[in-house]
Amino acid sequence: MTDQDKKGFVPGLLKGMGTTARAMTRHAHTQEYPDVSPQLPPRSRGVIALEESNCTSCMLCARECPDWCIYIDSHKETVPPTTEGGRERKENVLDRFAIDFSLCMYCGICIEVCPFDALFWSPEFEYAETDIRDLLHEKDRLGQWMATVPAPPALDQGAPVDQPEPTESAPSEPQPAQAPDEDPAP
Amino acid sequence: MSTFGEVVLRSLCVLIAFLVLPLLVGQTEHKLMAHMQGRLGPMYAGGFHGWAQLVADGVKFTQKEDIVPLAADKPVFRLAPALGIVSYLLALAVIPFGPHLVAAGITGSLLWVLAVGAIGTVGTLMAGWSSGNKYALIGGLRSAAQLVSYEVPLILAAASFAMAAGSFSLVSIAHAWTPWWLLWQLPGAIVFLVAGTAELQRPPFDMPVADSELVMGPWTEYTGLRFALFLLAEYAGIVVVSLVLAVLYLGGWTGPFDHQIGPFWVLLKGFFFAVIILWMRMSWPRLREDQLQRVAWLGLVPLALLQIVLTAAGVVLTT
Amino acid sequence: MTTYDIFFSILGVLCAASGLAAVTTRHLMHAALWLTVCLATLAGCYLVLGAELVALVQLLVYVGAIVVLVLFALMLTRAPIGRSHDHDTPLLQRAVALVIAGSAAVLLGAVLITGVRDGTVQVHGGSTNALARMLFTSWVWPFELLSLLLLIALVGALAMSRSLVPARATRRTGEDS
Numbered sequence: 015m016t017d018q019d020k021k022g023f024v025p026g027l028l029k030g031m032g033t034t035a036r037a038m039t040r041h042a043h044t045q046e047y048p049d050v051s052p053q054l055p056p057r058s059r060g061v062i063a064l065e066e067s068n069c070t071s072c073m074l075c076a077r078e079c080p081d082w083c084i085y086i087d088s089h090k091e092t093v094p095p096t097t098e099g100g101r102e103r104k105e106n107v108l109d110r111f112a113i114d115f116s117l118c119m120y121c122g123i124c125i126e127v128c129p130f131d132a133l134f135w136s137p138e139f140e141y142a143e144t145d146i147r148d149l150l151h152e153k154d155r156l157g158q159w160m161a162t163v164p165a166p167p168a169l170d171q172g173a174p175v176d177q178p179e180p181t182e183s184a185p186s187e188p189q190p191a192q193a194p195d196e197d198p199a200p
Numbered sequence: 304m305s306t307f308g309e310v311v312l313r314s315l316c317v318l319i320a321f322l323v324l325p326l327l328v329g330q331t332e333h334k335l336m337a338h339m340q341g342r343l344g345p346m347y348a349g350g351f352h353g354w355a356q357l358v359a360d361g362v363k364f365t366q367k368e369d370i371v372p373l374a375a376d377k378p379v380f381r382l383a384p385a386l387g388i389v390s391y392l393l394a395l396a397v398i399p400f401g402p403h404l405v406a407a408g409i410t411g412s413l414l415w416v417l418a419v420g421a422i423g424t425v426g427t428l429m430a431g432w433s434s435g436n437k438y439a440l441i442g443g444l445r446s447a448a449q450l451v452s453y454e455v456p457l458i459l460a461a462a463s464f465a466m467a468a469g470s471f472s473l474v475s476i477a478h479a480w481t482p483w484w485l486l487w488q489l490p491g492a493i494v495f496l497v498a499g500t501a502e503l504q505r506p507p508f509d510m511p512v513a514d515s516e517l518v519m520g521p522w523t524e525y526t527g528l529r530f531a532l533f534l535l536a537e538y539a540g541i542v543v544v545s546l547v548l549a550v551l552y553l554g555g556w557t558g559p560f561d562h563q564i565g566p567f568w569v570l571l572k573g574f575f576f577a578v579i580i581l582w583m584r585m586s587w588p589r590l591r592e593d594q595l596q597r598v599a600w601l602g603l604v605p606l607a608l609l610q611i612v613l614t615a616a617g618v619v620l621t622t
Numbered sequence: 014m015t016t017y018d019i020f021f022s023i024l025g026v027l028c029a030a031s032g033l034a035a036v037t038t039r040h041l042m043h044a045a046l047w048l049t050v051c052l053a054t055l056a057g058c059y060l061v062l063g064a065e066l067v068a069l070v071q072l073l074v075y076v077g078a079i080v081v082l083v084l085f086a087l088m089l090t091r092a093p094i095g096r097s098h099d100h101d102t103p104l105l106q107r108a109v110a111l112v113i114a115g116s117a118a119v120l121l122g123a124v125l126i127t128g129v130r131d132g133t134v135q136v137h138g139g140s141t142n143a144l145a146r147m148l149f150t151s152w153v154w155p156f157e158l159l160s161l162l163l164l165i166a167l168v169g170a171l172a173m174s175r176s177l178v179p180a181r182a183t184r185r186t187g188e189d190s
């Protein structure tokens, strides 16, 4: 506290005390997690849910998975022709679909590549286990997560809504996206 | 026999105050610091806002292994925490909570507090040297330098209060107190508060235990209960400094209805100073070693001498 | 034999024993710590004799400041843990010290024993009030002289430590040029 630093010394100290006092009057930022569940955004990457009826056992997700944590077993079944004299069709039947969440790195590539919308992100995250082997979720457990998947986000304002059929929207969507991609290429 | 019983009762009261008040200050520090940093602090132990956090900490400390390093000077290492604790326990015994409510009524009680406080510093030095650890040794050196420097303004400020009251007894000083001491003794109170905080090695004067460079200073090698004793001594030190300052500068039990709730006023005023000591910790960065000495010798000592001149002039003019 | 006598005897024995330990121990820091015990028990002796102010000032100045300074100096220079023979004094010096200490003790004891041969002596003036009265009336000039001496020592120490700094600085600049 000599004369030359007295100018900034005491006001600086008082300012520091004022800052902490002001912080005390404001509400704390603490997340009281187990008591108050967090308000996660709907597209949080919590757990991967499986819509089993959409899955065709195409294995794309299992192949693209960077750490190979998706296990798929399936067999082919012959479906009798629907019309008289028609040809028999073969169809994949899913026997096992499992994701090992002890390996999963939550990259979401499986969900991106799924051509039939069978995999979804769910914001649920409370599935810690005491045994690491219990983190292997089989298809019934993956199916249970479907109930927690939030509704798809609303379309942006001004987005074209010229596709009336909701079931066809998925395969038709990539086409307008592809068109601008291919245009500048040639 | 009745006097013996009274001595036991008084000692027990001091012991209970010694065990409860530091925990109160510690819990206040937990919560105050948390809220000043936008956090909530302990919320679980004990149920309501984590009131039993420090009790839980104490239980945890007792369960830990008591390690004495191989390179340590074992008897000194073991004895060191006891000195700090005992010194503040003895200091707490003479603090008056009312005109007749003193555990040990000795006439030179202000001097007693300063004298036994000095024993605690020897404990810190013993801890620093006997650990056989260079961080602890450097911490001990720093605390020795700091304690010697800040002892001077602390004693000068205390001398000013004693001069103003014409007595070394805390009870007489509180009796002699008048509201205009608030202005007259203000520099002395500031010096006492700052030097007292520095004597306790509390932030911003925690260069001896600077955790980023010295791990934990003289306490580096301590574990379990012995470490807890050092922590308890630190918080007991805050209690002693705050209560002494409350008696010296704010008139102790003086206040509305002081015949009925005198001890309450002492505790309230002491709590006020304890909060200021905690608040300083949360607001200010740590002083560097040279700044520390500069504040003591160029800031506090002249201010304390000025206060003594002021007090002497006041005493001469009014009597 | 009153309680005071018992306490005084205990503290006196402790004081003498710790003083002896301070000069005989081979642990350098232990010597300083034994000195602390010695000074603290001496303060206890003063307290038992009724000289409260002297006891507390003894504690404050010797234990709080001087021993801390001694410990500081030891830690700053050399304070090995365990026994050390680096600072042992020669045998002759020890013998001389023993003789001087012994003769001083005998002299003091003789004076005290001859002085109070006929029983107890009432001593007044140990209390804070009496001490203050004596210090500021009959002994005020020695007291002031002593404080002046200390002030001179303080200023002298400051001057010595200050004058060294520019001297070193000029030497360094001289080497540079």
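Residue numbers (the working numbering), protein chains in the order written: chain S, 15 to 200; chain D, 304 to 622; chain Y, 14 to 190. Quick reminder that beta carbons are idealized off the backbone N, C-alpha and C, glycines included. Everything numeric in this text was worked out from a predicted model, so none of it was measured.
Residues near S:Ser71 in its chain [Cβ-Cβ closer than 7 Å; skip 5 each side]
Position 57 of the first sequence, counted from the start, is the residue given in the question as residue 71 of chain S. Closer than 7 Å at Cβ, skipping near neighbours: Ile86, Ser88, Asn106 and Leu108.
Chain D beta carbons: is any one of them nearer than 7 Å to that of S:Gly30?
Position 16 of the first sequence, counted from the first residue, corresponds to residue 30 of chain S. For S:Gly30, the answer is yes, since a Cβ of chain D falls inside 7 Å of its Cβ.
Is D:Thr424 close to chain Y, meaning its C-beta is less than 7 Å from at least one C-beta of that chain?
Against the second sequence, residue 424 of chain D aligns to sequence position 121. D:Thr424 counts as touching chain Y.
Hey, Y:Leu73 and D:Ala418: beta-carbon distance below 7 Å or not?
Translated into positions along the third sequence, residue 73 of chain Y becomes position 60. Translated into positions along the second sequence, residue 418 of chain D becomes position 115. Contact flag set, yes.
Beta carbon proximity, D:His338 to chain S, threshold 7 Å
As a first step, residue 338 of chain D is located in the second sequence; it is residue number 35 there, counting from the start. Chain S, which has a Cβ nearer than 7 Å to the Cβ of D:His338, makes this yes.
Quick one, which of Y:Ala78, Y:Cys28 and Y:Met42 has its alpha-carbon nearest Y:Ser97's?
As a working note, residue 97 of chain Y is residue 84 in the third sequence. Checking every option, the nearest Cα to that of Y:Ser97 belongs to Y:Met42.
Looking at chain S, is there any beta carbon in it that lies within less than 7 Å of the beta carbon of D:Leu459?
In the second sequence, the residue the question calls residue 459 of chain D occupies position 156. Output row for D:Leu459: interface = no.
With a threshold of 7 Å between beta-carbons, can D:Met585 be considered close to chain S, or not?
Here residue 585 of chain D refers to the residue found at position 282 of the second sequence. For D:Met585, the answer is yes, since a Cβ of chain S falls inside 7 Å of its Cβ.
Please identify, using Cβ separations under 9 Å, the residues of the segment 482–508 of chain D that lie next to chain S, in order along the chain.
none
Using alpha carbons as the reference points, say which of Y:Tyr75, Y:Trp47 and Y:Arg39 lies closest to Y:Ala29.
As a first step, residue 29 of chain Y is located in the third sequence; it is residue number 16 there, counting from the start. Nearest C-alpha to Y:Ala29: Y:Trp47.
Measure the C-alpha to C-alpha separation of S:Thr39 and S:Thr33 and round it to an integer number of angstroms.
As a working mapping, residue 39 of chain S is identified with position 25 in the first sequence. As a working mapping, residue 33 of chain S is identified with position 19 in the first sequence. If you take the alpha carbons of S:Thr39 and S:Thr33, they lie about 10 Å apart.
Do you know whose CA, among D:Val547, D:Trp522, D:Gly308 and D:Pro511, lies nearest D:Gly499's CA?
On the second sequence, residue 499 of chain D is found 196 positions in, with the first residue counted as 1. Ranking D:Val547, D:Trp522, D:Gly308 and D:Pro511 by Cα distance to D:Gly499 puts D:Val547 first.
Using a beta-carbon distance below 7 Å, is Y:Met42 in contact with chain C?
The structure shown contains no chain C; the protein chains it does contain are S, D and Y.
Please list the terminal residues of the continuous alpha helix (DSSP H) segment that includes D:Leu404.
Within the second sequence, the letter at position 101 stands for residue 404 of chain D. No alpha helix (DSSP H) contains D:Leu404, which DSSP labels as neither H nor E.
Using the Cα positions of D:Ala479 and S:Ala37, report the straight-line distance between them to the nearest angstrom.
For the purposes of this step, residue 479 of chain D is taken as the residue at position 176 of the second sequence. For the purposes of this step, residue 37 of chain S is taken as the residue at position 23 of the first sequence. Distance between the alpha carbons of D:Ala479 and S:Ala37: 39 Å.
Since D:Trp587 and D:Pro507 should fall inside the 8 Å C-beta cutoff, what is the C-beta to C-beta distance between them, to a whole number of angstroms?
The count along the second sequence starts at 1 and reaches residue 587 of chain D at position 284. The count along the second sequence starts at 1 and reaches residue 507 of chain D at position 204. Contact holds; Cβ gap of about 4 Å.
Give the list of continuous beta strand (DSSP E) stretches no shorter than 3 residues that lie fully inside the segment 27–90 of chain S.
61–64
Can you check DSSP and say which residues form a bridge with S:Lys104?
Locating residue 104 of chain S in the first sequence gives position 90, counting from the first residue. According to DSSP, S:Lys104 bridges with S:Thr92.
Could you tell me whether the Cβ atoms of Y:Val76 and Y:Thr49 are closer together than 7 Å?
Taking the first residue of the third sequence as position 1, residue 76 of chain Y is located at position 63. Taking the first residue of the third sequence as position 1, residue 49 of chain Y is located at position 36. Cβ atoms of Y:Val76 and Y:Thr49: closer than 7 Å.
Neighbour-count burial assignment, S:Gln53, 16 or more Cβ in a 10 Å radius
In the first sequence, the residue the question calls residue 53 of chain S occupies position 39. Label assigned to S:Gln53: exposed.
May I ask you to list the residues that DSSP assigns as paired with S:Ile113?
By 1-based counting over the first sequence, the position of residue 113 of chain S is 99. Paired residues: S:Ile84 and S:His151.
Straight-line gap, D:Thr306 to D:Thr427 (C-alpha atoms, nearest Å)
Within the second sequence, numbered from 1, the residue matching residue 306 of chain D stands at position 3. Within the second sequence, numbered from 1, the residue matching residue 427 of chain D stands at position 124. So the alpha carbons of these two residues sit roughly 35 Å apart.
Should S:Pro198 be labelled buried (16 or more other beta-carbon atoms within 10 Å of its own) or exposed?
Taking the first sequence and counting its residues from 1, one reaches residue 198 of chain S at position 184. Only weak support exists for where S:Pro198 lies, its pLDDT of 42 falling under 50; the value from the coordinates is given anyway. Looking at its Cβ environment, which holds fewer than 16 other Cβ atoms inside 10 Å, S:Pro198 is exposed.
CA-to-CA distance, D:Gly520 to D:Leu534, given in whole angstroms:
In the second sequence, the residue the question calls residue 534 of chain D occupies position 231. In the second sequence, the residue the question calls residue 520 of chain D occupies position 217. Whole-angstrom Cα-Cα distance: 13 Å.
Run through DSSP, which three-state label would S:Phe134 get?
Counting from one through the first sequence, the residue named residue 134 of chain S turns up at place 120. In the structure shown, S:Phe134 sits in a strand (DSSP, three-state: E or B).
Once you ignore the five residues that flank D:Met304 on each side, which residues in its own chain have a CB closer than 7 Å to its CB?
The count along the second sequence starts at 1 and reaches residue 304 of chain D at position 1. Low local confidence applies: a pLDDT of 49 at D:Met304 is under 50, so the model's placement there is unreliable, and no value is given.
Where D:Val358 sits in the DSSP three-state scheme
Looking up residue 358 of chain D in the second sequence gives position 55. Helix at D:Val358.
Could you tell me if the beta carbon of Y:Ala123 falls within a distance shorter than 6 Å of some heavy atom in the ligand HEM?
Ligands displayed in this structure: none; no statement on the ligand HEM is therefore possible.
Would you say S:Ile62 and S:Ile113 are within 7 Å of each other, going by their C-beta atoms?
Here the question's residue 62 of chain S lines up with position 48 in the first sequence. Here the question's residue 113 of chain S lines up with position 99 in the first sequence. In this structure, S:Ile113 lies closer than 7 Å to S:Ile62 by Cβ.
Quick check on S:Cys128: does DSSP put it in helix, strand or coil?
Stepping through the first sequence from its first residue, residue 128 of chain S is reached at position 114. Looking at S:Cys128 - three-state DSSP - the assignment turns out to be coil, as it is neither helix nor strand.
Say whether the segment 377–384 of chain D touches the segment 67–81 of chain S, bearing in mind that this needs 3 or more beta-carbon pairs closer than 8 Å, one atom from each stretch.
no
Beta-carbon proximity check, D:Met430 vs D:Ala383, cutoff 7 Å
If you number the second sequence from 1, residue 430 of chain D lands on position 127. If you number the second sequence from 1, residue 383 of chain D lands on position 80. Reading the sequence as shown, one finds Ala at residue 430 of chain D and not Met. Closer than 7 Å, so yes.
D:Leu433 versus Y:Arg39: straight-line alpha-carbon distance, rounded:
Translated into positions along the second sequence, residue 433 of chain D becomes position 130. Translated into positions along the third sequence, residue 39 of chain Y becomes position 26. One detail in the question is off: residue 433 of chain D reads as Ser in this sequence, not Leu. Answer to the nearest angstrom: the Cα atoms are 15 Å apart.
Does S:Lys90 pass the burial test, meaning 16 or more other C-beta atoms within 10 Å, or should it be called exposed?
Start at 1 with the first residue of the first sequence, and residue 90 of chain S comes out as number 76. With fewer than 16 other Cβ atoms within 10 Å, it is exposed.
Reduced DSSP category for D:Ser314 - H, G, I as helix; E, B as strand; rest coil
On the second sequence, position 11 is the one that residue 314 of chain D refers to. D:Ser314: helix per DSSP, three-state reduction.
Alpha carbon of S:Pro188 to alpha carbon of S:Val93, nearest angstrom
Locating residue 188 of chain S in the first sequence gives position 174, counting from the first residue. Locating residue 93 of chain S in the first sequence gives position 79, counting from the first residue. Caution is warranted here: a pLDDT of 41 is assigned to S:Pro188, below 50, making its placement in the model unreliable, and the coordinate value is therefore given only provisionally. Looking at the two C-alpha atoms, the distance is approximately 30 Å.
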